[in-house]
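Chains A and B, in that order, give the protein sequences. full-length UniProt numbering puts the first residue of the first sequence at 1, with every later residue one more than the last. full-length UniProt numbering puts the first residue of the second sequence at 1, with every later residue one more than the last. First comes the structure, then the notes that go with it.
There are 2 protein chains.
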Amino acid sequence: MARAAGVSPTTVSHALNGKGVVRRETVERIERIAAEIGYRPSAIARGLQNSRLGLLALVIRPFHSLDTFLPEGVDYFLRIAGAASLSAMERGYSMMLIDDPTRPGVPFSALAADAYIVTEPFENDPVLTMLSEQRIPFVTVGADPARRDLFPSIDEAAGQQAMTMIDHLSQAGAHRIALVTGTDRNDWNLGSRQALVDWCEARGQQPLVLALPEAEGEQVGERVIDHFFSGDPAERPDAVFCLTGRHAAGVTEAAIRRGIRVPEDLLVAAGSGAMQNRTSSPTVTTLDLRPEETAQLAVEVAVALAEGRPVQEPLATPTARLDIRESTTRAPGRAR
Amino acid sequence: MARAAGVSPTTVSHALNGKGVVRRETVERIERIAAEIGYRPSAIARGLQNSRLGLLALVIRPFHSLDTFLPEGVDYFLRIAGAASLSAMERGYSMMLIDDPTRPGVPFSALAADAYIVTEPFENDPVLTMLSEQRIPFVTVGADPARRDLFPSIDEAAGQQAMTMIDHLSQAGAHRIALVTGTDRNDWNLGSRQALVDWCEARGQQPLVLALPEAEGEQVGERVIDHFFSGDPAERPDAVFCLTGRHAAGVTEAAIRRGIRVPEDLLVAAGSGAMQNRTSSPTVTTLDLRPEETAQLAVEVAVALAEGRPVQEPLATPTARLDIRESTTRAPGRAR
DNA sequence: CTGAAAGCGCTTACAG
DNA sequence: CTGAAAGCGCTTACAG
Numbered sequence: 001m002a003r004a005a006g007v008s009p010t011t012v013s014h015a016l017n018g019k020g021v022v023r024r025e026t027v028e029r030i031e032r033i034a035a036e037i038g039y040r041p042s043a044i045a046r047g048l049q050n051s052r053l054g055l056l057a058l059v060i061r062p063f064h065s066l067d068t069f070l071p072e073g074v075d076y077f078l079r080i081a082g083a084a085s086l087s088a089m090e091r092g093y094s095m096m097l098i099d100d101p102t103r104p105g106v107p108f109s110a111l112a113a114d115a116y117i118v119t120e121p122f123e124n125d126p127v128l129t130m131l132s133e134q135r136i137p138f139v140t141v142g143a144d145p146a147r148r149d150l151f152p153s154i155d156e157a158a159g160q161q162a163m164t165m166i167d168h169l170s171q172a173g174a175h176r177i178a179l180v181t182g183t184d185r186n187d188w189n190l191g192s193r194q195a196l197v198d199w200c201e202a203r204g205q206q207p208l209v210l211a212l213p214e215a216e217g218e219q220v221g222e223r224v225i226d227h228f229f230s231g232d233p234a235e236r237p238d239a240v241f242c243l244t245g246r247h248a249a250g251v252t253e254a255a256i257r258r259g260i261r262v263p264e265d266l267l268v269a270a271g272s273g274a275m276q277n278r279t280s281s282p283t284v285t286t287l288d289l290r291p292e293e294t295a296q297l298a299v300e301v302a303v304a305l306a307e308g309r310p311v312q313e314p315l316a317t318p319t320a321r322l323d324i325r326e327s328t329t330r331a332p333g334r335a336r
Numbered sequence: 001m002a003r004a005a006g007v008s009p010t011t012v013s014h015a016l017n018g019k020g021v022v023r024r025e026t027v028e029r030i031e032r033i034a035a036e037i038g039y040r041p042s043a044i045a046r047g048l049q050n051s052r053l054g055l056l057a058l059v060i061r062p063f064h065s066l067d068t069f070l071p072e073g074v075d076y077f078l079r080i081a082g083a084a085s086l087s088a089m090e091r092g093y094s095m096m097l098i099d100d101p102t103r104p105g106v107p108f109s110a111l112a113a114d115a116y117i118v119t120e121p122f123e124n125d126p127v128l129t130m131l132s133e134q135r136i137p138f139v140t141v142g143a144d145p146a147r148r149d150l151f152p153s154i155d156e157a158a159g160q161q162a163m164t165m166i167d168h169l170s171q172a173g174a175h176r177i178a179l180v181t182g183t184d185r186n187d188w189n190l191g192s193r194q195a196l197v198d199w200c201e202a203r204g205q206q207p208l209v210l211a212l213p214e215a216e217g218e219q220v221g222e223r224v225i226d227h228f229f230s231g232d233p234a235e236r237p238d239a240v241f242c243l244t245g246r247h248a249a250g251v252t253e254a255a256i257r258r259g260i261r262v263p264e265d266l267l268v269a270a271g272s273g274a275m276q277n278r279t280s281s282p283t284v285t286t287l288d289l290r291p292e293e294t295a296q297l298a299v300e301v302a303v304a305l306a307e308g309r310p311v312q313e314p315l316a317t318p319t320a321r322l323d324i325r326e327s328t329t330r331a332p333g334r335a336r
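Structure representation (structure tokens):
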């Protein structure tokens with residue numbers, strides 16, 4: 001480019017960036033020639049100056065166990081990703097969706113972001129360890145359960161969200177609530193579990209909790225029913241609260257297959273919604289986690305960190321919205 | 001790092017990349033120290049060598065007129081983005097979701113991808129012009145209607161997909177099919193329109209076509225009905241084929257509000273599905289464009305281009321799957 | 001107003 | 001086996 005315009009690289013740089021002092025005509029000539037030959041400064045070379053590319057990365061940790069962003073009917077991750085990409089754009093950043101940046105052989109780019117957003121980190125998550133060791137800015141959505149106040153994080157208040165549902169089930173007539181969590185050791189699973197345990201303790205009940213792999217989706221239905229309904233009839237739950245929508249869908253189906261009526265004999269609810277919960281019969285009550293708002297907040301924080309600006313803590317995700325559906329709505333007078 | 005290990009940068013580079021010849025012990029020492037101080041080579045500096053970052057970019061052009069990746073109930077774009085990100089990872093690339101890289105003030109990173117995927121480019125799309133001028137590799141999903149064979153593209157066969165639906169409507173009893181396209185001048189809208197025009201011509205009919213903004217979604221319902229049902233009764237369609245699921249949802253609602261029964265008096269179908277088409281009453285027949293497979297193919301091509309490998313043309317998106325629902329299913333004997 | 005020099009943090013011939 | 005030099009494509013003091 002410098003050669004084409006017959007000037008030095010310095011002048012090209014000055015002219016195109018409006019820095020320094022360059023004669024008007026020179027600027028115009030350089031701009032014209034740049035347009036002609038389709039010259040654009042290399043983003044990489046520019047990034048090298050201040051080690052900033054204007055790039056954010058989103059690491060969706062549950063992907064690790066789920067192996068997809070698109071579990072059938074589950075749009076949570078995609079909604080996070082879409083909203084985060086949008087928010088990033090609005091702030092002049094690009095957003096990159098990556099898997100695990102600690103894996104050997106990741107592309108250069110996976111380590112080149114100015115700041116990272118890590119959703120649902122695991123206990124002692126190696127991704128956070130790496131990021132913090134390298135002093136790369138990051139914010140998590142849901143804390144690392146083992147390092148709660150060590151890193152900037154957006155609190156999910158998993159326990160509080162769980163209580164919203166537990167209260168609802170209780171009001172809907174449940175006396176004995178069983179909880180089905182996933183197996184990932186993240187704040188969502190652990191925090192929700194703790195909330196139920198505390199709640200049961202306060203009422204002198206033994207908590208009924210089962211952890212099953214998120215990835216198994218609807219398939220876990222039979223196992224959940226077997227687990228809670230094969231023992232002492234006095235110990236059977238009258239409500240099952242599954243953290244994932246697909247688990248709840250599977251439980252609902254399995255219950256009905258076994259002749260357990262939903263909601264008459266058993267209330268079922270999910271801590272996060274899947275499409276099938278809106279279309280199944282009965283439809284299933286869920287929590288809408290409002291991932292779009294969470295993503296927006298996360299991007300806001302990530303950008304601040306990338307630019308070295310201070311972040312106002314504490315940060316929290318929006319309160320989940322309770323979508324009450326048939327699975328927890330007993331017709332008055334028809335309750336068992 | 002070099003200083004910390006008491007060796008030259010060259011040796012560090014050799015040791016960490018397994019290139020050149022370095023004594024075993026030296027390699028080990030360097031690796032140990034690197035681990036200790038959390039040293040990782042800068043992705044940007046490495047990228048500068050071969051101007052490759054291992055970064056792909058996805059430019060979803062309809063975003064321009066839609067202003068969101070998440071129109072209520074429409075998961076098409078997100079499914080493309082999610083699947084593309086996944087496929088990229090599998091091939092050792094990161095995927096970046098960006099808006100319009102030609103806009104002034106875009107982040108450096110938006111111009112730093114090794115190859116671009118542009119979905120649904122517009123006629124004479126400036127994004128393609130810029131990319132081709134700068135000799136940045138790219139592939140489009142759906143051709144630029146004005147430069148059909150100029151750039152590598154994955155053919156959507158919009159006309160063929162439209163014919164699938166037109167044939168279905170015809171078999172379901174339609175004699176007069178109206179088409180509602182979007183207003184973006186892309187291959188999808190233009191190709192589908194052409195297919196209907198040809199089909200009508202072959203049957204000596206005047207084509208009934210209306211283009212309305214994609215972004216208006218369900219709102220267009222009334223306008224579509226007004227447009228096609230206010231004139232000469234002999235000229236009224238007995239089927240409306242909307243390219244977008246939200247348009248179809250709006251048309252179905254509006255028709256019913258006006259006392260036009262669906263499917264008895266009017267068949268309605270959509271060229272791409274939205275959630276509401278599966279849950280409305282009646283449910284609406286749609287085409288499933290299988291965005292995941294399209295995304296996977298696009299990434300495959302983009303990676304090949306980024307690595308300078310030849311691409312096997314012609315390329316085509318998978319054949320859409322027809323999801324037949326109530327809006328085009330007349331009970332036998334009950335048809336008008 | 002313009003350009004030669006140094007530097008961003010690495011890698012790659014090449015010389016020792 | 002190791003390191004000094006050059007270079008990737010820019011930008012930023014600084015000198016002229």
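Note that CB positions come from ideal geometry on N, CA and C, so glycine has one too.
Per DSSP, the bridge partner or partners of T285(A):
Within the first sequence, the letter at position 285 stands for residue 285(A). Partner(s): A269(A).
Given a threshold of 16 other Cβ atoms within 10 Å of its Cβ, counted over all protein chains shown, does D114(A) qualify as buried or as exposed?
As a working note, residue 114(A) is residue 114 in the first sequence. By the 16-neighbour rule on beta-carbons within 10 angstroms, D114(A) is buried.
What residue does the beta strand (DSSP E) around I154(B) start on, and which one ends it?
Here residue 154(B) refers to the residue found at position 154 of the second sequence. Run containing I154(B): 153 to 155, per the beta strand (DSSP E) assignment.
Taking the alpha helix (DSSP H) that M275(A) falls in, what are its first and last residues?
Walking along the first sequence from the start, residue 275(A) turns up at place 275. Element bounds for M275(A): 275 to 279.
Span of the beta strand (DSSP E), counted from its first residue to its last, around F138(A)
As a position in the first sequence, residue 138(A) is number 138, starting the count at 1. It spans 138 to 141 - the beta strand (DSSP E) in which F138(A) sits, taken as one unbroken run.
How big is the Cα-Cα spacing for P282(B) and R258(A)?
Here residue 282(B) refers to the residue found at position 282 when the second sequence is read from its first residue. Here residue 258(A) refers to the residue found at position 258 when the first sequence is read from its first residue. C-alpha separation (whole angstroms): 31 Å.
Between S13(A) and chain B, is the shortest Cβ-Cβ distance under 7 Å, so that the two count as touching?
In the first sequence, residue 13(A) corresponds to position 13, counting from 1. Judged by the 7 Å Cβ criterion, S13(A) is not in contact with chain B.
Alpha carbon of Q161(B) to alpha carbon of Q171(B), nearest angstrom:
The residue given as residue 161(B) occupies position 161 in the second sequence. The residue given as residue 171(B) occupies position 171 in the second sequence. Whole-angstrom Cα-Cα distance: 16 Å.
Taking 7 Å as the CB-CB cut-off, is D99(A) touching chain B?
As a first step, residue 99(A) must be located in the first sequence, where it is residue number 99. Yes, because at least one Cβ of chain B sits closer than 7 Å to the Cβ of D99(A).
Could you tell me which residues DSSP pairs with F241(A) in its beta bridges?
For the purposes of this step, residue 241(A) is taken as the residue at position 241 of the first sequence. Bridge partners of F241(A): L179(A), A269(A).
Which first and last residues belong to the alpha helix (DSSP H) in which M165(B) is found?
As a first step, residue 165(B) must be located in the second sequence, where it is residue number 165. M165(B) -> alpha helix (DSSP H) spans 158 to 171.
Any Cβ of chain A within less than 7 Å of the Cβ of S8(B)?
For this step, residue 8(B) is matched to residue 8 along the second sequence. Not an interface residue.
Please report how far the alpha carbon of G221(B) lies from the alpha carbon of E300(A), in whole angstroms.
As a first step, residue 221(B) is located in the second sequence; it is residue number 221 there, counting from the start. As a first step, residue 300(A) is located in the first sequence; it is residue number 300 there, counting from the start. Rounded to the nearest angstrom, the gap between the Cα atoms of G221(B) and E300(A) is 37 Å.
Is I44(B) close to chain A? Criterion is C-beta to C-beta, closer than 7 Å.
Along the second sequence, read from residue 1 onward, the residue named residue 44(B) stands at position 44. Answer yes: the Cβ-Cβ gap between I44(B) and chain A drops below 7 Å somewhere.
Name, going along the chain, the residues of the stretch 60 to 92 of chain B whose beta-carbon falls closer than 8 Å to a beta-carbon of chain A.
T68, F69, L70, D75, F77, L78, R79, A81, G82, A83, S85, L86, M89, G92
DSSP three-state assignment for M1(A), whether helix, strand or coil:
As a first step, residue 1(A) is located in the first sequence; it is residue number 1 there, counting from the start. DSSP places M1(A) in coil when its eight states are reduced to three.
Kindly give me the distance between the Cβ atoms of A249(A) and V284(A), rounded to whole angstroms, as I take these residues to be in contact under 8 Å.
Taking the first residue of the first sequence as position 1, residue 249(A) is located at position 249. Taking the first residue of the first sequence as position 1, residue 284(A) is located at position 284. Indeed, because the Cβ distance is near 7 Å, the residues count as touching under 8 Å.
One or two residues paired with T119(B) in a DSSP bridge:
As a working note, residue 119(B) is residue 119 in the second sequence. Answer is I60(B), V141(B).
Contact between the stretch 39 to 50 of chain A and the stretch 105 to 121 of chain B (3+ Cβ pairs under 8 Å)
yes
Alpha helix (DSSP H) segments (min. 4 residues) lying fully within the stretch 14 to 53 of chain A:
24 to 37, 43 to 50
Could you pull out every unbroken beta strand (DSSP E) segment of at least 3 residues lying fully inside the stretch 215 to 265 of chain A, listed in chain order?
239 to 242
Return the chain-ordered list of same chain residues with a C-beta closer than 8 Å to the C-beta of R334(A), the five sequence neighbours on each side being excluded.
Taking the first sequence and counting its residues from 1, one reaches residue 334(A) at position 334. Per-residue confidence for R334(A) stands at a pLDDT of 45, beneath the threshold of 50, marking its modelled position as unreliable; the derived number appears in the next sentence. Around R334(A): E264.
May I ask which residues mark the beginning and end of the beta strand (DSSP E) holding L131(A)?
Counting from one through the first sequence, the residue named residue 131(A) turns up at place 131. Here L131(A) belongs to no beta strand (DSSP E); instead the alpha helix (DSSP H) covers 126 to 133.
Mapping DSSP to helix, strand and coil, what is residue 342(A)?
The requested residue 342(A) does not occur in the structure, where chain A is confined to residues 1 to 336.
State the start and end residues of the unbroken beta strand (DSSP E) segment that holds A211(B).
Taking the first residue of the second sequence as 1, we reach residue 211(B) at position 211. Residues 208 to 211.
Reducing DSSP to helix, strand and coil, say where A316(A) ends up.
Translated into positions along the first sequence, residue 316(A) becomes position 316. For A316(A), the three-state secondary structure derived from DSSP is strand.
Between the Cα of A158(B) and those of N124(B), A195(B), H227(B), R185(B), spot the shortest distance and give me the residue it belongs to.
Translated into positions along the second sequence, residue 158(B) becomes position 158. Closest by alpha carbon: A195(B).
Excluding sequence positions up to five away, which residues of its chain have a Cβ less than 7 Å from the Cβ of A83(B)?
Against the second sequence, residue 83(B) aligns to sequence position 83. Once the five neighbours on either side are set aside, the close Cβ partners of A83(B) are P291, E292, A295, Q296.
Tell me whether the stretch 49 to 58 of chain B and the stretch 25 to 36 of chain B touch, counting them as touching only if at least three CB pairs, one residue from each stretch, are closer than 8 Å.
no
Under 7 Å Cβ-Cβ, which residues of chain A neighbour R40(B)?
Within the second sequence, the letter at position 40 stands for residue 40(B). Here the neighbours are L111, Q134.
So what does DSSP say about L150(B), is it helix, strand or coil?
Position 150 of the second sequence, counting from 1, holds the residue named residue 150(B). It is coil, neither helix nor strand.
Contact residues within the stretch 188 to 202 of chain B, judged by C-beta distance below 8 Å to chain A
The residues in question: there are none.
If I'm right that V240(B) touches A178(B) with Cβ under 8 Å, what's the distance once you round it to whole angstroms?
Locating residue 240(B) in the second sequence gives position 240, counting from the first residue. Locating residue 178(B) in the second sequence gives position 178, counting from the first residue. Right, their Cβ atoms sit about 5 Å apart.
What did DSSP end up calling Q205(B) once you bin it into helix, strand or coil?
Within the second sequence, numbered from 1, the residue matching residue 205(B) stands at position 205. Q205(B) falls in the coil class under three-state DSSP.
R325(B) - partner residues in DSSP beta bridges:
To locate residue 325(B), count along the second sequence from 1; it is residue 325. When beta bridges are read from the DSSP output, R325(B) appears opposite no residue.
Would I260(B) and L266(B) qualify as a contact pair, given that the criterion is a beta-carbon distance under 7 Å?
The residue you call residue 260(B) lines up with position 260 of the second sequence. The residue you call residue 266(B) lines up with position 266 of the second sequence. Result yes, Cβ atoms of I260(B) and L266(B) sit closer than 7 Å.
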